[in-house]
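A.B. asks:
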Amino acid sequence: MIKRKNLLPIFFVILVVISFTAIAIVNLINFEDYVVADVLQISGSTVIIGNNCTAIISDTSPERAQAIDDGIRGIMQQRPGTYDIFSDILKSFNISLEYVTLDSFVNEIYYSNLYLKSGSKILKLDVRPSDAIALALRTNSTIYLNKTLLNEVGKKIC
14 MIKRKNLLPI
24 FFVILVVISF
34 TAIAIVNLIN
44 FEDYVVADVL
54 QISGSTVIIG
64 NNCTAIISDT
74 SPERAQAIDD
84 GIRGIMQQRP
94 GTYDIFSDIL
104 KSFNISLEYV
114 TLDSFVNEIY
124 YSNLYLKSGS
134 KILKLDVRPS
144 DAIALALRTN
154 STIYLNKTLL
164 NEVGKKIC
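Right, here's the structure in full:
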């Protein structure tokens, strides 16, 4: 019997592929409102992501922090994880992860989006920031951080 947990990555990929047939072009971000961000440090389950001397310091689960750290180091565990599998599926279907945006912080929750491209179609997906970052690192995609978010929540680290 196949467990529901094992079907989640397959369901997600099917959803993405079907979405590309239904969605043409979505509004892209205004790049003037964003800065390119880097994951500056992982410490336990704390992720520090920022631009220059300002960063957002956020906690996530130990598993997600490890997935982000593996992405930074280019490490694949003994068996592929969900992010590795999803990255491989994107490549196999000629879908590129154009970029990731970290957009807002509302009611103690961070919000982000993936921008996927297949041919001339672009799909914007609402995702958890930790998932977006882990996938962006595996696909060498740019991570953009909203300037307003960085100014409101960011901390000076230099």
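Note that our numbering has the sequence shown beginning at 14, numbered continuously upward. We treat Cβ as the ideally placed atom computed from N, Cα and C, and that holds for glycine. Since we're looking at a predicted model, the values are computed, not measured.
Answer with buried or exposed for Ile55, where buried requires no fewer than 16 other C-beta atoms within 10 angstroms of its C-beta.
C.D. replies: buried
A.B. asks: Which stretch, first to last residue, makes up the beta strand (DSSP E) that contains Glu111?
C.D. replies: 109-119
A.B. asks: What runs of the beta strand (DSSP E), each 3 residues or longer, lie entirely inside the region 31-99?
C.D. replies: 47-56, 59-64, 67-72
A.B. asks: Please tell me whether Val166 and Ile69 are closer than 7 Å, where the distance is taken between their beta carbons.
C.D. replies: Yes, the Cβ-Cβ distance between Val166 and Ile69 is below 7 Å.
A.B. asks: Between Asn164 and Gln90, what straight-line distance do the alpha-carbon atoms span, to the nearest angstrom?
C.D. replies: 36 Å
A.B. asks: Buried or exposed, going by whether 16 or more other CB atoms sit within 10 Å of the CB of Ser105?
C.D. replies: exposed
A.B. asks: So, is Leu41 buried or exposed, given that buried needs 16 or more other C-beta atoms within 10 angstroms?
C.D. replies: Looking at its Cβ environment, which holds fewer than 16 other Cβ atoms inside 10 Å, Leu41 is exposed.
A.B. asks: According to the Cβ coordinates, are Val48 and Lys160 closer than 7 Å?
C.D. replies: yes
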